[in-house]
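Chains Z and D supply the protein sequences, listed in that same order. Just so it is clear: in the first sequence, position 200 is 1168 by the numbering used here, and no numbers are missing. Just so it is clear: in the second sequence, position 155 is 1123 by the numbering used here, and no numbers are missing. Don't be surprised by glycine CBs; every beta carbon is placed ideally from N, CA and C. The model shown is predicted, which means the values in this text are computed figures rather than measured ones.
There are 2 protein chains.
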Amino acid sequence: MNKIPVLAGTTPRYLVVARSLLRDIERGKFKIGELLPTEVELCKRFGISRYTAREAVRRLTDAGMVSRRAGVGTTVKATTSPQRYTASVSDLTDLFAFNRKARLHVLDEGMVTIRGNLATVLPTAIGQQWHRVEGVRYISGRSEPIVHVSILLRPGYEAVRDRIREGGAMIYELIERLYGERIVELRQEITCIRCPKAIAATLGTKPGSPALRVLRYYFGADETLLSLAISTYPEDRFTLTTRWRLDAQAVTS
Amino acid sequence: MNKIPVLAGTTPRYLVVARSLLRDIERGKFKIGELLPTEVELCKRFGISRYTAREAVRRLTDAGMVSRRAGVGTTVKATTSPQRYTASVSDLTDLFAFNRKARLHVLDEGMVTIRGNLATVLPTAIGQQWHRVEGVRYISGRSEPIVHVSILLRPGYEAVRDRIREGGAMIYELIERLYGERIVELRQEITCIRCPKAIAATLGTKPGSPALRVLRYYFGADETLLSLAISTYPEDRFTLTTRWRLDAQAVTS
DNA sequence: AAGTGGTCTAGACCACCGA
DNA sequence: CGGTGGTCTAGACCACTTA
Chain Z
969 MNKIPVLAGT TPRYLVVARS LLRDIERGKF KIGELLPTEV ELCKRFGISR YTAREAVRRL
1029 TDAGMVSRRA GVGTTVKATT SPQRYTASVS DLTDLFAFNR KARLHVLDEG MVTIRGNLAT
1089 VLPTAIGQQW HRVEGVRYIS GRSEPIVHVS ILLRPGYEAV RDRIREGGAM IYELIERLYG
1149 ERIVELRQEI TCIRCPKAIA ATLGTKPGSP ALRVLRYYFG ADETLLSLAI STYPEDRFTL
1209 TTRWRLDAQA VTS
Chain D
969 MNKIPVLAGT TPRYLVVARS LLRDIERGKF KIGELLPTEV ELCKRFGISR YTAREAVRRL
1029 TDAGMVSRRA GVGTTVKATT SPQRYTASVS DLTDLFAFNR KARLHVLDEG MVTIRGNLAT
1089 VLPTAIGQQW HRVEGVRYIS GRSEPIVHVS ILLRPGYEAV RDRIREGGAM IYELIERLYG
1149 ERIVELRQEI TCIRCPKAIA ATLGTKPGSP ALRVLRYYFG ADETLLSLAI STYPEDRFTL
1209 TTRWRLDAQA VTS
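Put into structure tokens, the structure is as follows:
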């Protein structure tokens, strides 16, 4: 018998068992796709109750290393506790280099057919008629705008366009509020461009001066593209900051 | 007695209890900082065993809505299951707009005293002598470099500088391998600049042409700043893409 | 039908904490 | 000290899967 003494040191028994399983997986005793010992087997092997065995395996499950299915067993999914760096924001506004009080000043709006330059950034919508809103955003205490935005909305979201004028609300917030569509994913693409003449005029910068071009694709459920926002930030008026942290996906305490 | 029938439908009892607690928190019956009923109380109130009560509260704990402490109780931390957009990468290289096979061609290296321009990006290290490595990165199939990098290493990391020449390894990987220091956090700051003359020469672009300036601060344990990489990406040679997803922090299945 | 994980009970002892 | 959550046992029935 391999019985673990009651309270080895102060380490809970389920942690002792979890570490043992972890070692076995890391050392290749159980390979990806293979089955771990069943709960009953762990009970016998370690001389523990089912509660303790389950608690041990729960650690591996929480770390994403194994998955369980009634009637089948516990399958190894990864041989190491996945190391991940993650960045998170509670509010998408935090990605925008300005706070939510930034005023949007609408310069123009209407419908636009997706072709030409727009087709290169919206290839899935070629030929469709989308709503377009163009404007600049000001933050308090600055006389010059911080960013030029061109917002494209898929057909059927007129209400969003009509409400944009009203205030500081973000476009994605309006989509969520007016249509009950939750923004499930945001794809953000950052490049550097020479500021186009038309945009430079609205920003008070020189045409051709360096500018940051940020494309933000908003997706709803089912990967549906709901909106694309094309932002142009002139040099020296912004910094986009992101903090990435290593997740402590510790399996064993 | 408020006893829940055995297997109400097919919903586990701990979920029924968890939902009830969740409703009470959302409706303000328990406010932030207040204590939830104790486990024994839940057992009595719902006519369940302690296992079921704990499993119910575990849901709230996992969602970050409550925290527990032996001897104290279960404290409410948030009244709604936190909605978060997160981006994650398993490898920091994924942030760099090039794959890990990008070769680093070292142009210059030595020590540098932190002052002047460097002091503005490294204010905590003013007056210190740091290691400096300057170079450009090439990706396969392109004759021109994709990025100019200037890497600053805190004093005491000579071995990293000396190994950089050897191959495609990333700086942060060398730090982890040679010194056992885990990169715990990365702060990334993106701005747009006019390409300085010296850098333009190494990239084959015109001085003053638009370029993306990316500062990456690498932190180890205890928030220690280990390294700063200053990257300059010329226009049209890169796109930084980040995907943000809404986490479904569902409390109740 | 036999075995898996999922749920659940009724006990128990413990370390921790506040009064 | 008494009460809290943390750990643990020895049972039990269930739904699910494979054979």
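Cα-Cα separation between residue i and residue j, rounded to whole angstroms
i                       : j                       : result
residue 1103 of chain D : residue 1035 of chain D : 49 Å
residue 1117 of chain D : residue 1153 of chain D : 20 Å
residue 1185 of chain D : residue 1195 of chain D : 6 Å
residue 1078 of chain Z : residue 1099 of chain Z : 6 Å
residue 1193 of chain D : residue 1210 of chain Z : 16 Å
residue 1075 of chain D : residue 1032 of chain Z : 43 Å
residue 1095 of chain D : residue 1101 of chain D : 18 Å
residue 1112 of chain Z : residue 1212 of chain D : 30 Å
residue 1144 of chain Z : residue 999 of chain D  : 27 Å
residue 1072 of chain Z : residue 1190 of chain D : 41 Å
residue 989 of chain Z  : residue 1001 of chain D : 38 Å
residue 1058 of chain D : residue 1051 of chain Z : 6 Å
residue 974 of chain Z  : residue 982 of chain Z  : Since pLDDT at residue 974 of chain Z reaches only 46, below the 50 mark, its modelled position is unreliable, and no value is offered.
residue 1014 of chain D : residue 979 of chain D  : 15 Å
residue 1124 of chain Z : residue 1140 of chain Z : 15 Å
residue 1203 of chain Z : residue 1180 of chain Z : 7 Å
residue 1197 of chain D : residue 995 of chain D  : 48 Å
residue 1025 of chain D : residue 1038 of chain D : 14 Å
residue 1080 of chain Z : residue 1122 of chain Z : 10 Å
residue 1085 of chain Z : residue 1091 of chain Z : 10 Å
residue 1168 of chain D : residue 1127 of chain D : 29 Å
Helix, strand or coil at residue i [DSSP, three-state]
i                       : result
residue 1110 of chain Z : coil
residue 1055 of chain Z : strand
residue 1162 of chain Z : strand
residue 969 of chain D  : Since pLDDT at residue 969 of chain D reaches only 36, below the 50 mark, its modelled position is unreliable, and the value read off the structure follows with that caveat. Three-state DSSP puts residue 969 of chain D in coil, outside helix and strand.
residue 1081 of chain Z : strand
residue 1173 of chain Z : coil
residue 1003 of chain D : strand
residue 1028 of chain Z : helix
residue 1214 of chain D : strand
residue 1139 of chain D : helix
residue 986 of chain D  : helix
residue 1219 of chain Z : coil
residue 1064 of chain Z : coil
residue 1017 of chain D : coil
residue 1010 of chain D : helix
residue 1090 of chain D : coil
residue 1129 of chain D : helix
residue 1022 of chain D : helix
residue 991 of chain Z  : helix
Under 8 Å between C-beta atoms of residue i and residue j
i                       : j                       : result
residue 1114 of chain D : residue 1106 of chain D : yes
residue 1188 of chain Z : residue 1157 of chain Z : no
residue 1201 of chain Z : residue 1160 of chain D : yes
residue 1182 of chain Z : residue 1049 of chain Z : no
residue 1004 of chain D : residue 1042 of chain D : yes
residue 1082 of chain Z : residue 1070 of chain Z : no
residue 1022 of chain D : residue 1007 of chain D : yes
residue 993 of chain Z  : residue 1040 of chain Z : no
residue 1053 of chain Z : residue 1060 of chain D : yes
residue 1151 of chain Z : residue 1063 of chain D : no
residue 1142 of chain Z : residue 1132 of chain Z : yes
residue 1010 of chain Z : residue 985 of chain Z  : yes
residue 1165 of chain D : residue 1175 of chain D : yes
residue 1065 of chain D : residue 1206 of chain D : yes
Residues bridged to residue i [DSSP beta-bridge criterion]
i                       : result
residue 1034 of chain D : D/1044
residue 1121 of chain D : D/1099, D/1195
residue 1181 of chain D : D/1159, D/1200
residue 1209 of chain Z : D/1157
residue 1072 of chain D : D/1105
residue 1187 of chain Z : Z/1153, Z/1193
residue 1115 of chain D : D/1105
task = Quick one: which residues of the region 1147-1161 of chain Z get their C-beta closer than 8 Å to a C-beta of chain D? List them in chain order.
result = Answer in chain order: 1150, 1151, 1152, 1153, 1154, 1155, 1156, 1157, 1158, 1159, 1160, 1161.
**Prompt:** Just by C-beta distance, which residues in the region 1044-1058 of chain Z are closer than 8 Å to chain D?
**Reply:** 1050, 1051, 1052, 1053, 1054, 1055, 1056, 1057, 1058
Item to complete: Check each residue of the region 1171-1184 of chain D: if its Cβ is closer than 7 Å to any Cβ of chain Z, include it; give the result in chain order.
Response: 1178, 1179, 1180
message: Give me the subset of the region 1086-1105 of chain Z whose CB atoms are less than 7 Å from a CB atom of chain D, sorted by chain position.
response: none
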